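**Q**
In the numbering used here, the protein residues as written are 52 to 357.
(1) Quick one: which unbroken beta strand (DSSP E) runs of 3-plus residues sit fully inside the region 180-214? Chain order, please.
(2) In the DSSP assignment, find the beta strand (DSSP E) that holds residue 44 and state where it starts and stops.
(3) So residue 91 is in the beta strand (DSSP E); what residue range does that whole segment cover?
(4) Taking 8 Å as the threshold (C-beta atoms), are residue 136 and residue 169 in contact?
(5) Please state whether DSSP places residue 293 in a helix, a strand or coil.
(6) Can you pull the DSSP bridge partners for residue 321?
(7) Can you give the Cα-Cα distance for residue 309 and residue 92, rounded to whole angstroms?
(8) Give, in chain order, every unbroken run of the alpha helix (DSSP H) that is at least 4 residues long and sits entirely within the region 243-279.
(9) By a C-beta neighbour count over all protein chains shown, 10 Å radius and 16 as the cutoff for buried, is residue 177 buried or exposed?
(10) Quick one: give me the first and last residue of the alpha helix (DSSP H) that residue 74 is part of.
(11) Check whether the Cβ atoms of residue 304 and residue 280 lie closer than 8 Å to each other.
(12) Indicate whether residue 84 and residue 142 have their beta-carbon atoms separated by less than 8 Å.
(13) For residue 131, is the classification buried or exposed, using 16 other Cβ atoms within 10 angstroms of its Cβ as the cut-off for buried?
(14) Report the rounded CA-to-CA distance for residue 223 versus residue 217, giving the unit in angstroms.
(15) Grab me the residues of residue 271's own chain with a C-beta within less than 8 Å of its C-beta, minus the 5 sequence neighbours each way, in chain order.
(16) Tell me the residue span of the alpha helix (DSSP H) that contains residue 130.
(17) For residue 337, which three-state DSSP category applies?
(18) Verify whether the separation of the beta carbon atoms of residue 245 and residue 275 is less than 8 Å.
(19) On a Cα-Cα basis, can you pick out the residue from 315, 197, 292 and 282 that is closest to residue 81?
(20) Given a threshold of 16 other Cβ atoms within 10 Å of its Cβ, counted over all protein chains shown, does residue 337 qualify as buried or as exposed?
(21) Less than 7 Å between C-beta atoms, sequence neighbours within five positions excluded: which residues of the same chain meet that for residue 111?
(22) In three-state terms, what does DSSP make of residue 316?
(23) Using 8 Å for Cβ pairs, my map puts residue 262 next to residue 73. What's the rounded Cβ distance?
Spelled out as structure tokens, the structure:
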């Protein structure tokens with residue numbers, strides 16, 4: 052099994068506060084609901100808060116106002132799964148948001164520290180190398196890019212000669228201007244990256260490297276600060292990724308992602324084009340150009356598998 056050292060992030064002044072994360076998540080989810088969304092009367096100008104009041108949410112969830120207030124203040128240690136389910140239904144949470152709420156309210160004790168080195172099985176790395184015509188990337192915790200194949204390097208640019216700490220989707224998207232040009236809908240990609248980091252924060256609230264990464268990006272990127280403050284969470288499983296490649300122009304690729312059965316925090320992400328489409332022809336061109344396409348990428352050095 053190949054072991055990948057953790058990128059060295061700058062120390063964070065403060066770790067993420069699980070109580071504050073729970074409080075802000077509930078508050079922002081409540082604020083996005085209007086009374087009419089849940090069948091309650093709207094008293095118009097007499098409302099002094101955006102979205103639902105605490106007492107309205109408590110009524111919908113079937114709990115006392117005092118109980119819900121304690122939970123929204125970050126006190127979730129003794130909340131039952133049944134109450135969390137009721138609150139999730141009242142807030143109209145998605146499956147990803149429901150899971151995030153559960154992680155925040157009732158964090159599990161991890162048997163291994165969150166800062167341990169991320170390990171990748173050798174056969175999985177070999178699999179990526181054999182996927183000649185399909186860009187493929189293995190992404191780990193904190194959006195770290197662990198392994199990639201030659202086609203991924205040709206499409207997204209070289210990461211091999213970057214410092215280990217820079218081989219990270221969040222750093223690339225928010226701190227490297229060339230990725231604003233690469234992603235046609237950069238805002239959507241940025242939102243996906245932040246939403247996944249939020250999921251990681253819920254699962255690993257005491258991860259010092261994640262706290263350091265969030266702290267650094269918050270200082271260096273106004274867009275990151277704005278998106279992080281929304282507390283949105285979602286899991287990117289599939290979709291269309293539109294790119295503007297410096298060599299072949301527009302690429303419309305279908306993204307598919309797969310969690311590893313024995314390492315659920317790692318996700319294999321593949322990108323393929325529809326058969327006989329212009330994007331499929333563009334990928335064939337990139338594959339035939341080999342190292343020349345890899346060197347072009349997003350104007351970064353030559354790429355290889357990590």
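Backbone N, C-alpha and C define an ideal beta-carbon position, used for all residues, glycine too.
Computed from a predicted model, the values in this text were never measured in an experiment.
**A** Quick look at the numbers:
(1) 187-190 and 196-199
(2) Examination of residue 44 is not possible in this model, given that the chain is present from 52 through 357 alone.
(3) Walking along the chain shown from the start, residue 91 turns up at place 40. Unbroken run through residue 91: none, as it is neither H nor E.
(4) Locating residue 169 in the chain shown gives position 118, where the first residue counts as 1. Locating residue 136 in the chain shown gives position 85, where the first residue counts as 1. No; because the gap between Cβ atoms is not below 8 Å, this pair is not in contact.
(5) As a working mapping, residue 293 is identified with position 242 in the chain shown. Of the three classes helix, strand and coil, the one that applies to residue 293 here is strand, per DSSP.
(6) To locate residue 321, count along the chain shown from 1; it is residue 270. Answer by DSSP bridge pairing, in chain order: 187 and 307.
(7) Looking up residue 309 in the chain shown gives position 258. Looking up residue 92 in the chain shown gives position 41. Distance between the alpha carbons of residue 309 and residue 92: 43 Å.
(8) Within the region 243-279, the complete alpha helix (DSSP H) runs of at least 4 residues are 259-271 and 273-279.
(9) Taking the chain shown and counting its residues from 1, one reaches residue 177 at position 126. Residue 177 comes out exposed.
(10) Position 23 of the chain shown, counted from the start, is the residue given in the question as residue 74. Looking at the DSSP string, the run of the alpha helix (DSSP H) that includes residue 74 is 69-82.
(11) Your numbering for residue 304 matches position 253 in the chain shown. Your numbering for residue 280 matches position 229 in the chain shown. Not in contact: residue 304 and residue 280 (Cβ atoms no closer than 8 Å).
(12) Taking the chain shown and counting its residues from 1, one reaches residue 84 at position 33. Taking the chain shown and counting its residues from 1, one reaches residue 142 at position 91. For the 8 Å CB-CB criterion, residue 84 and residue 142 form a contact.
(13) Position 80 of the chain shown, counting from 1, holds the residue named residue 131. Residue 131 comes out exposed.
(14) Mapped onto the chain shown, residue 223 falls at position 172. Mapped onto the chain shown, residue 217 falls at position 166. Their backbone Cα atoms lie some 7 Å apart in a straight line.
(15) Within the chain shown, numbered from 1, the residue matching residue 271 stands at position 220. Around residue 271, the same chain offers 225 and 226 as residues with beta carbons nearer than 8 Å, after the five sequence neighbours per side are excluded.
(16) Numbered from 1 along the chain shown, position 79 holds the residue referred to as residue 130. No alpha helix (DSSP H) holds residue 130; DSSP gives it neither H nor E.
(17) Working through the chain shown from its first residue, we reach residue 337 at position 286. Reduced to three states, the DSSP call for residue 337 is helix.
(18) Here residue 245 refers to the residue found at position 194 of the chain shown. Here residue 275 refers to the residue found at position 224 of the chain shown. Less than 8 Å divides the Cβ of residue 245 from the Cβ of residue 275.
(19) Residue numbering aside, residue 81 sits at position 30 when the chain shown is read from its first letter. Distances from the CA of residue 81 to each of 315, 197, 292 and 282 were compared; the closest alpha carbon is that of 282.
(20) Start at 1 with the first residue of the chain shown, and residue 337 comes out as number 286. Buried.
(21) Reading the chain shown from its first residue, position 60 is the one you call residue 111. Here the set comprises 89 and 141.
(22) For the purposes of this step, residue 316 is taken as the residue at position 265 of the chain shown. Here residue 316 sits in strand by DSSP.
(23) Against the chain shown, residue 262 aligns to sequence position 211. Against the chain shown, residue 73 aligns to sequence position 22. That pair is no contact at about 16 Å.
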